[in-house]
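Q: Have a look at the structure that comes next, please.
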Amino acid sequence: MSTTVTLRIDGRNVTVEKFSTILDAARTLEIPIPTLCHHPDLVPYGGCRLCLVEIKGAPRPVASCTTFVKDGLEVTTSSPRLERLRKTTLELILSDHPRDCMTCERAGDCKLQELAYFYGIRDPRFEGERRIYRTKDKNPCIARDMEKCILCGLCVRVCDEIQGVAAIDFAYRGFRTMVTPPFERELDCEFCGQCVAVCPTGALTGAMWAQKGRQDMRDVETICPYCGCGCTLTLHIRRNEVIRVSSRRETLNEGWLCAKGRFGYEFIHRTDRLKKPLVRIVPKSEAAALVKSGWSHERAASFFREVSWDDALDLVAARLGEIKERHGSDAIGGISSARCTNEENYLFQKFIRGAIGTNNVDHCARY
Amino acid sequence: MEKTLQALVDECRDTRGNIVSLLRRVEDHFGFIPEDAVYWLSRALDIPASRFFGVATFYSQFHLKPRGRHTIRICRGTACHVKGSEKLISRVLMELDIPPDDDTTPDLTFTIEKINCVGACGIAPVAVLDDEIVGNATLHTVLNGIRELKKRS
Amino acid sequence: MSKEVLITVCTGTGGIASGGEDVLAAFREALSSAGITASCRERCRVQRVGCKGFCSQDVLVDVAVNGAITTYRKVRPDMVARIVSEHIVAGMPVAEWVVDGSYHAFHEKQKKVVLSHCGVIDPEEIQSYRAVGGYGAAERAVLSMTPEEIIAVIKRSRLRGRGGGGFPTGLKWELCARHTADTKYVVCNGNESDPGAFMDTSLMEGDPHSVIEGMIICAKAVGSHRGYIYTKAEYALAVKRLNRAIEHCYAAGFLGKGIFGSDFDFDVEVFPAPGAFVCGEATALLRSLEGKRGMPSAKIWRTAEKGLWNKPTVLNNVETFANIPKIIEKGSQWFSRLGTERSGGTKVFSLSGKVRNTGLIEVPIGTTLREIIFDIGGGIEGGKACKGVHIGGPTGGCIPAARFDMEVDYESLAQAGSMMGSGGMVVLDETSCIVDTTRFFVGVIQGESCGKCAPCRIGTKRMLEILERIAGGRAKEGDLELLEELAHSIRETSLCGLGMTAPNPVLSTLRYFRDEYEEHIRRKRCRAAVCKALLTYSVVESACTGCGACKRVCPADAIRGTRKKPHRIDANLCVRCGTCLDACKFNAIMKV
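Residue numbers (the working numbering), protein chains in the order written: chain D, 3 to 369; chain W, 217 to 369; chain Z, 11 to 602.
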């Protein structure tokens with residue numbers, strides 16, 4: 003039996019794998035279909051109803067994200083009727099959404115805003131009650147503004163399907179439906195921020211994004227310094243300051259990050275950050291006594307002297323040599339870090355075994 | 217509470233993980249779904265508490281707050297609506313001094329529930345006082361029934 | 011005395027509400043104290059039966075003396091002694107309490123198939139069901155029919171899903187039978203939540219065994235060994251009677267391992283659901299049965315292929331299952347002849363609203379609305395003019411009186427903008443306001459939307475708000491067009507059946523009663539005098555005697571006047587509650 007299916011979309015033939023959706027097929031042809039609740043890595047949901055397409059012979063439009071392709075289907079992705087339906091649905095969504103784009107952190111990066119722009123919706127024709135949520139979280143990572151939530155369910159699915167935490171779920175029903183932690187308490191989770199990454203609106207944003215700017219950002223690709231996974235980060239930089247971190251889906255980590263990678267970038271601009279090698283000039287025991295007696299961090303810095311890398315390495319090599327000579331190789335042990343790459347870890351154990359001559363070597367990830 | 221919950225979990229061993237069945241038993245036992253019970257079940261069964269909360273708030277027969285000792289259900293199905301059940305409900309709420317946006321008297325004696333059709337449309341409007349059905353209900357007959365319940369408890 | 015006496019007392023929810031259990035006890039008591047129980051012994055029986063359909067006359071009691079049945083209406087316990095002494099002892103029925111012609115007219119045009127045992131047998135005793143041939147069909151299906159034969163019979167009968175969708179039942183079973191899987195499920199949808207319809211509940215209460223029997227036959231046909239009856243926990247009586255029936259079946263060997271002595275196993279369990287209208291939708295029901303939030307999902311797979319726990323599943327409505335034993339018993343030809351060319355059999359409706367005879371009725375598919383409302387229903391209460399009938403529950407539609415000659419079937423109703431839906435029929439007369447009833451139905455739907463898809467979640471809310479504006483006299487030009495466009499849009503874009511049909515009440519009434527909407531918007535007038543904000547109450551001075559009754563009951567203190575002089579209502583203070591109208595004995599208060 004054939005494993006592919008051929009269909010026509012907007013008059014063009016396309017052949018895709020069996021059990022692909024019409025949306026998948028259209029995307030291979032780079033035909034744009036608006037969506038708010040779709041994510042290629044998550045189970046299709048079919049909640050936003052914007053990806054409707056017409057199938058020849060079908061009585062009503064179908065959601066392309068939840069309809070499998072079939073041989074010989076003739077699909078139309080845009081028509082006056084479809085555009086009218088999409089616009090009405092968008093107007094409905096916007097009628098239950100605060101129109102405060104001017105202060106929203108997501109402006110410019112917001113799917114809803116972009117669609118409203120494309121469909122030219124300035125004032126939705128529908129007006130009425132809007133959901134009001136007052137509670138705000140206190141955690142330093144994720145800011146929730148659930149009045150902006152359009153209930154696309156991406157955060158719920160990513161938390162469950164990708165992260166395996168399910169810290170949030172839908173609650174209540176009908177117009178009162180909301181996405182919330184149990185019993186509407188404060189968010190208590192891993193703070194990986196996967197939900198922030200997939201949220202199409204300003205409902206979920208990074209708490210530290212606030213008022214750091216939304217325009218004139220420069221993107222820099224780098225590797226996350228936190229562990230050996232080597233996730234690719236995209237730093238969003240404005241005026242030489244990292245103001246957001248994200249990751250692209252095309253990367254090794256498929257765009258997913260953890261709390262450290264996504265939100266742990268504050269250290270970059272800390273004034274007390276260690277940038278050069280330091281060599282201790284006040285012995286450890288004396289220093290401890292001084293700190294205990296109330297020395298500040300700034301004064302404690304005077305326990306150390308800034309040196310070049312060459313000087314620092316010379317000192318370490320000399321001291322290790324001394325110890326090895328006096329006490330033997332087994333007096334030395336090495337512990338390497340999960341923040342190093344595989345190659346670095348390999349070299350480290352080789353150094354301990356080969357140069358120092360001991361098997362006393364371990365790794366922090368073993369604990 | 218732990219013992220009770222363990223017993224409830226054991227009771228529905230073959231439907232382990234069916235949150236609706238579990239919560240129904242919790243509700244039957246405690247009269248509502250206590251927050252602590254949900255966290256306990258969540259830990260014991262390794263099911264996220266958010267799922268329990270989602271299910272508990274979806275269905276109209278699950279309650280997260282303690283209920284009154286007596287339940288007064290007033291039907292607002294089509295037939296009852298036509299025969300004035302809305303008016304009856306608002307009058308009973310007023311008579312029992314139930315705060316707005318609430319359905320239970322502060323002393324936890326009575327809970328008023330609005331329900332959709334008990335299947336006795338021929339005698340609309342219908343009120344159900346605990347298990348006793350009052351047909352062709354009027355404010356007078358319902359209040360009388362409430363007084364009876366009060367006396368008994 | 012060689013009398014054979016059978017007294018049956020209606021103990022459906024309606025019957026119990028009217029005191030059925032007390033009447034039952036009173037009969038037992040009276041018969042034994044009159045010495046009849048002793049003299050006739052086993053030939054004198056008092057039994058509880060399910061709903062007899064004619065709920066407005068409850069408690070209904072059939073007294074059969076040597077087979078001659080007399081039906082008493084509105085029986086109260088204090089009437090029992092006289093019935094026993096005059097009718098049963100002396101042989102003279104108590105004429106003044108016997109049902110009148112309307113009771114017979116009510117039953118004459120009906121054709122009871124599904125309800126044939128309802129109100130006749132004792133739903134709590136399996137022998138009672140056995141005595142009318144119960145489980146004969148299941149036994150035959152399990153022991154001597156192949157799955158293919160069963161499916162062929164059901165297909166030929168042209169039975170279609172009674173849940174409202176009308177999918178051919180035989181085809182559904184065939185699709186499920188075709189899939190091979192280690193487990194298959196048979197699920198019965200008893201989540202009847204339509205406010206104003208209670209046929210499935212009455213069936214589960216009055217004839218629970220027929221539903222179970224239908225499920226057994228289905229299980230055999232599709233090769234399933236596990237069945238669930240999904241019903242609302244609120245329907246305590248139905249849950250109780252189903253559980254009892256299942257217990258009896260296990261004891262009799264009709265359920266469990268090797269049923270009817272064959273090597274076929276089948277288990278059934280009742281799942282009392284905690285209440286959500288949307289769970290009547292197939293995918294939502296299955297998620298709910300799995301213990302999750304009852305949110306519908308897109309039908310990427312057919313239920314027959316991947317249903318409950320992703321296994322092939324047959325999901326049918328209570329009434330559909332109850333039809334099955336009759337079809338096996340009497341043959342597909344008999345059944346298909348009852349209906350129309352496209353759908354066989356009968357349909358149960360619950361008739362309510364402003365009609366004289368309310369209750370459960372069963373008619374062959376294809377019966378006209380006129381026959382249902384005027385012949386069976388006895389026409390409109392108080393001889394008022396009939397406006398129309400709302401069919402199919404909150405998501406159904408309204409059909410105007412001018413189209414009452416229409417034959418009722420799935421297609422004709424859909425064409426007229428309504429649907430078979432739950433089978434609820436609410437009759438509207440000239441005192442029913444179209445805007446108000448539509449607002450009521452949209453309000454029900456709005457409260458029951460699951461919240462998953464935007465058109466239903468927000469769209470129904472906005473529809474309701476526009477309807478509230480119209481009913482409240484706050485609507486502006488263009489609102490009607492906006493409402494219409496929104497309704498069309500919701501119908502085309504919603505995810506599930508609930509959302510798709512949610513605009514039905516709006517669209518059908520806009521189609522037939524647009525002038526009434528326009529009157530509300532432009533002339534701020536409600537011709538049925540229902541929409542509060544558009545009403546004014548005033549005193550007809552010539553009729554007012556100045557008795558002060560209205561003044562005393564007015565909760566807003568809006569009525570002024572001195573004794574024995576005509577009173578007046580202050581329109582600014584009046585909250586339009588209508589209490590004064592009810593209190594006035596002289597028809598001196600008018601609402602316009």
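Built from N, CA and C at the ideal position, the CB exists for glycine as well.
What does a CB cutoff of less than 6 Å around residue 168 of chain Z pick up in its chain, not counting 5 residues either side in sequence?
A: If you number the third sequence from 1, residue 168 of chain Z lands on position 158. Closer than 6 Å at Cβ, skipping near neighbours: 346, 353 and 354.
Q: Write down every uninterrupted run of the alpha helix (DSSP H) in the segment 35-108 of chain D whose length is 4 residues or greater and which is fully enclosed by it, in chain order.
A: Counting only runs of at least 4 residues, the segment 35-108 of chain D fully encloses the following alpha helix (DSSP H) elements, listed from N- to C-terminal order: 82-97.
Q: In chain Z, what lies closer than 7 Å to residue 94 of chain D by C-beta?
A: Stepping through the first sequence from its first residue, residue 94 of chain D is reached at position 92. Residues of chain Z passing the Cβ test: 464, 465, 468, 469 and 472.
Q: Are at least three pairs of beta-carbons, each pair with one atom in the segment 328-340 of chain W and one in the segment 293-311 of chain W, less than 8 Å apart?
A: By the criterion of at least three beta-carbon pairs nearer than 8 Å, the segment 328-340 of chain W is in contact with the segment 293-311 of chain W.
Q: Considering only DSSP beta bridges, list what residue 282 of chain Z is partnered with.
A: Taking the first residue of the third sequence as position 1, residue 282 of chain Z is located at position 272. Z:241, per the DSSP bridge assignment.
Q: Would you report the Cα separation of residue 333 of chain Z and residue 91 of chain D, rounded to the nearest angstrom?
A: Here residue 333 of chain Z refers to the residue found at position 323 when the third sequence is read from its first residue. Here residue 91 of chain D refers to the residue found at position 89 when the first sequence is read from its first residue. Straight-line Cα distance between these residues: approximately 41 Å.
Q: Compute the beta-carbon to beta-carbon distance between residue 2 of chain D and residue 198 of chain D, rounded to the nearest angstrom, for a pair I have assumed lies under 8 Å.
A: No information on residue 2 of chain D is available, as it lies outside the stretch 3 to 369 that chain D covers here.
Q: If the cut is a Cβ gap below 7 Å, which residues of chain D does residue 310 of chain Z touch?
A: Within the third sequence, residue 310 of chain Z is the residue found at index 300, counting from 1. Under the 7 Å cutoff, chain D gives 68 and 70.
Q: On the three-state DSSP scale, how would you describe residue 363 of chain Z?
A: Looking up residue 363 of chain Z in the third sequence gives position 353. Of the three classes helix, strand and coil, the one that applies to residue 363 of chain Z here is strand, per DSSP.
Q: Does the beta-carbon of residue 138 of chain D have 16 or more other beta-carbons within 10 angstroms, so that it is buried, or is it exposed?
A: The residue given as residue 138 of chain D occupies position 136 in the first sequence. Exposed: under 16 other Cβ atoms inside 10 Å.
Q: Quick check on the burial criterion: 16 or more other C-beta atoms within 10 angstroms. Buried or exposed for residue 429 of chain Z?
A: Stepping through the third sequence from its first residue, residue 429 of chain Z is reached at position 419. With 16 or more other Cβ atoms within 10 Å, it is buried.
Q: Could you check the C-alpha separation between residue 259 of chain W and residue 170 of chain D for me, to the nearest Å?
A: To locate residue 259 of chain W, count along the second sequence from 1; it is residue 43. To locate residue 170 of chain D, count along the first sequence from 1; it is residue 168. Straight-line Cα distance between these residues: approximately 16 Å.
Q: For residue 366 of chain D, count neighbouring Cβ atoms within 10 angstroms of its own Cβ and tell me buried if that reaches 16, exposed if not.
A: Taking the first sequence and counting its residues from 1, the one referred to as residue 366 of chain D is at position 364. When all chains shown are included, residue 366 of chain D counts as exposed.
Q: Please name the residue in Z:234, Z:317 and Z:24 whose C-alpha comes closest to that of residue 352 of chain W.
A: On the second sequence, position 136 is the one that residue 352 of chain W refers to. If we check each option's Cα against that of residue 352 of chain W, Z:24 comes out closest.
Q: Would you tell me roughly how many angstroms separate the C-alpha atoms of residue 17 of chain D and residue 463 of chain Z, rounded to the nearest one?
A: On the first sequence, position 15 is the one that residue 17 of chain D refers to. On the third sequence, position 453 is the one that residue 463 of chain Z refers to. For residue 17 of chain D and residue 463 of chain Z, the distance between alpha carbons rounds to 30 Å.
Q: With a CB to CB cut of under 6 Å and the five nearest residues on each side skipped, what residues in its chain are close to residue 218 of chain W?
A: On the second sequence, position 2 is the one that residue 218 of chain W refers to. Counting only Cβ-Cβ distances below 6 Å, and skipping sequence neighbours, we find nothing.
Q: Which residues in chain Z sit within 8 Å of residue 370 of chain D, going by Cβ to Cβ distance?
A: No answer is possible for residue 370 of chain D: the residues shown for chain D start at 3 and end at 369.
Q: Quick check on residue 585 of chain Z: buried or exposed, where buried means 16 or more other Cβ atoms within 10 Å of its Cβ?
A: Here residue 585 of chain Z refers to the residue found at position 575 when the third sequence is read from its first residue. Result: exposed.
Q: Using a beta-carbon distance below 8 Å, is residue 18 of chain Z in contact with chain W?
A: Here residue 18 of chain Z refers to the residue found at position 8 when the third sequence is read from its first residue. So no, residue 18 of chain Z is outside the interface.
Q: What three-state label does DSSP hand residue 165 of chain D in the structure shown?
A: Position 163 of the first sequence, counted from the start, is the residue given in the question as residue 165 of chain D. Coil at residue 165 of chain D, not helix or strand.
Q: Give me the Cα-Cα distance between residue 114 of chain Z and residue 13 of chain Z, rounded to the nearest whole angstrom.
A: Numbered from 1 along the third sequence, position 104 holds the residue referred to as residue 114 of chain Z. Numbered from 1 along the third sequence, position 3 holds the residue referred to as residue 13 of chain Z. Each residue's alpha carbon lies about 26 Å from the other.
Q: Which of the three DSSP states, helix, strand or coil, is assigned to residue 589 of chain Z?
A: In the third sequence, residue 589 of chain Z corresponds to position 579, counting from 1. Helix.
Q: Which residue or residues does DSSP assign as beta-bridge partners of residue 153 of chain D?
A: Counted from its first residue, the first sequence places residue 153 of chain D at position 151. Paired residue(s): none; residue 153 of chain D is not in a bridge.
Q: Less than 6 Å between C-beta atoms, sequence neighbours within five positions excluded: which residues of the same chain meet that for residue 292 of chain W?
A: What you label residue 292 of chain W is simply residue 76 of the second sequence in a count that begins at 1. The answer, listed in chain order, is 301 and 330.
Q: Using beta carbons (cut-off 8 Å, strictly below), is residue 274 of chain D in contact with chain W?
A: For the purposes of this step, residue 274 of chain D is taken as residue 272 along the first sequence, with counting starting at 1. Residue 274 of chain D does not count as touching chain W.
Q: Straight-line CA distance for residue 310 of chain D to residue 318 of chain D?
A: By one-based count along the first sequence, residue 310 of chain D stands at place 308. By one-based count along the first sequence, residue 318 of chain D stands at place 316. Approximately 13 Å, taken between the alpha carbons.
Q: By alpha-carbon positions, which one of Z:447, Z:596 and Z:110 ends up nearest to residue 397 of chain Z?
A: Within the third sequence, residue 397 of chain Z is the residue found at index 387, counting from 1. Ranking Z:447, Z:596 and Z:110 by Cα distance to residue 397 of chain Z puts Z:447 first.
Q: Take residue 264 of chain W and list the residues in its own chain whose beta-carbon comes closer than 8 Å to its own, dropping the five residues that flank it on each side.
A: Reading the second sequence from its first residue, position 48 is the one you call residue 264 of chain W. Excluding positions up to five away in sequence, the list reads 258.
Q: Output, in chain order, the set of chain D residues within a Cβ distance shorter than 7 Å of residue 251 of chain W.
A: Reading the second sequence from its first residue, position 35 is the one you call residue 251 of chain W. Simply 185.
Q: Kindly say whether residue 68 of chain Z, judged by its beta-carbon, lies nearer than 8 Å to any beta-carbon of chain W.
A: If you number the third sequence from 1, residue 68 of chain Z lands on position 58. At least one chain W Cβ lies under 8 Å of residue 68 of chain Z.
Q: Measuring only the C-alpha atoms, how far is residue 213 of chain D from residue 109 of chain D?
A: Numbered from its first residue, the first sequence carries residue 213 of chain D at position 211. Numbered from its first residue, the first sequence carries residue 109 of chain D at position 107. Spanning the alpha carbons of residue 213 of chain D and residue 109 of chain D requires a straight line of approximately 12 Å.
Q: Where do the N-terminal and C-terminal ends of the alpha helix (DSSP H) with residue 599 of chain Z fall, by residue?
A: On the third sequence, position 589 is the one that residue 599 of chain Z refers to. Segment 599-601 is the beta strand (DSSP E) holding residue 599 of chain Z; no alpha helix (DSSP H) there.
Q: Shorter than 8 Å from the beta carbon of residue 380 of chain Z to some beta carbon of chain D?
A: Along the third sequence, read from residue 1 onward, the residue named residue 380 of chain Z stands at position 370. For residue 380 of chain Z, the answer is no, since every Cβ of chain D falls outside 8 Å of its Cβ.
Q: Verify the CB distance criterion: does residue 36 of chain D have a CB-CB separation below 8 Å to chain Z?
A: Counting from 1 along the first sequence, the entry for residue 36 of chain D is found at position 34. No, residue 36 of chain D does not count as interfacial toward chain Z.
Q: Against residue 97 of chain D, what residues of chain Z qualify as contacts under a CB-to-CB distance less than 8 Å, listed in chain order?
A: Here residue 97 of chain D is taken as the residue at index 95 of the first sequence, counted from 1. Per Cβ cutoff of 8 Å: 468 and 472.
Q: Can you find at least 3 beta carbon pairs, one from the segment 231-238 of chain D and one from the segment 201-208 of chain D, that sit closer than 8 Å?
A: no
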